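Below is one structure, written out as structure tokens; the observations come after it.
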Amino acid sequence: MAMVSFKQLEALYWIAELGTFEKAAARLCTTQSAVSKRIQELESISDIEVFDRSQRGARLTEKGEELLLLAQQILGLGEQILHLKSQRAHPARKLKLGVTELTAWTWLPRLVAALQAHYPKIIIEPEVDMSRALFDRLREGSVDLIIVPETFRDHDIAAVHLASVENIWMARPGLIKKRNQALRLDELVQHPILAQGSRSGSGLHFNRWLKGQGVGISRLISSDSLNAMLGLTVAGLGVSYFPRACFQPLVDAGKLEIIPVTPALPPVPYAAMYRSDRPSAFIEESVEIAKGTCDFSRQLQS
């Protein structure tokens, strides 16, 4: 099946632009007969009479004018492709990015700046939600990339490790009487424990670990929100776990106190996750940028 070519569309454009077949041939560095042949081929393939041959000069028919508008669009796209190659310009990109509260609090501004520097035309559509919700949206295809604790798995989801975050038990100063040695875990859980629920990746991670330690929590206060957990802990309603480096300023300010406990909490692995069954160089490059900017140690990095 014959297809319309760029050369045919170029001939149409320059005839309409310059007014004659002769001038179009000179602009295209070819002969007038070659230009005429291109128009004949275009008319044959499209089954459209492009020029009104009952009139003098190169006068377009009504259908020819419609074809010219399409030709201009197609030729414009061709120029963009050539510009992309020669200038190494980045086309407009859209990234639907999902993160949890901890990433939003810490290095999300830094990640956004790095993505914008690498892809100047990028449009980032962020979602801040619980790990479970983000993972479900990734499987559905409504987000492109998520950064969450590496707790959930699926054979169609690729997970690229970013960092392991150290967590430690904390409470309002004075809530637990100081002692010379660390509390045993079974002693700690006699106090009210503030823990994130199963919709939180880190909450699920620690709940599994606590269950594996064989200890029972006598009084549990659960909330999926890290922000809510922080407020409840500062209010003195119980003991909770927080990322040590990121929350050190609250310890320094006297809002929280570190509670040494044995055994220590395991680190939380964080990963960038995307659909492995939909390969994309853009997504993989975005993951590499995330690896280079990931830093859970400080809040609101730019």
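Numbering (our numbering), first residue to last: 467 to 768. Using N, Cα and C, we set each Cβ at its ideal position, and we do this for glycine too. From a predicted model like this one, the values you see are computed outputs, not experimental measurements.
| task | Helix, strand or coil for GLU476, going by three-state DSSP, please let me know. | result | helix
| task | Given a cut-off of 8 Å, decide if ILE511 and LEU478 are closer than it, judged by their beta-carbon atoms. | result | no
| request: Specify the secondary structure class of ASN646 as computed by DSSP and reduced to three states. | output: coil
| said: Given this structure, state the Cα-to-Cα distance separating SER433 from LEU651, to the nearest angstrom. | reply: This structure cannot settle anything about residue 433, because the visible part of the chain is limited to 467 through 768.
| request: Classify GLU606 as buried or exposed, calling it buried when 16 or more other Cβ atoms lie within 10 Å of its own Cβ. | output: exposed
| field | Extent of the continuous alpha helix (DSSP H) run through LYS721 | value | Neither: LYS721 is in no alpha helix (DSSP H) and is coded neither H nor E.
| task | Pick out whichever of LEU696, ALA482, GLU632 and VAL753 has its Cα sitting closest to the Cα of GLY564. | result | VAL753
| task | Flag this pair as yes or no: are the beta carbons of THR770 and MET596 separated by less than 8 Å? | result | The question about residue 770 has no answer, for the chain in this structure spans 467 to 768.
| query | In three-state DSSP terms, what is ALA776? | reply | Residue coverage of the chain in this structure runs from 467 to 768, which leaves residue 776 outside it and unanswerable.
| said: Does GLY542 come out as helix, strand or coil in the three-state DSSP assignment? | reply: helix
| Assuming GLY704 contacts ILE687 under a Cβ cut-off of 8 Å, what Cβ separation, rounded to an integer in Å, is found between them? | 6 Å
| message | Can you check which of these residues, THR572, LEU698 and PRO732, is closest to LEU670 by C-alpha distance? | response | PRO732
| request: Would you mind stating whether ASP761 and TRP571 have Cβ atoms separated by less than 8 Å? | output: no
| field | ARG519, DSSP secondary structure in three states | value | coil
| message | Residues in the same chain with beta-carbon distance under 8 Å from VAL614, minus the five sequence neighbours each way, listed in chain order, please. | response | GLY564, VAL565, THR566, SER597, LEU600, PHE601, GLY667, TYR736, ALA737 and MET739
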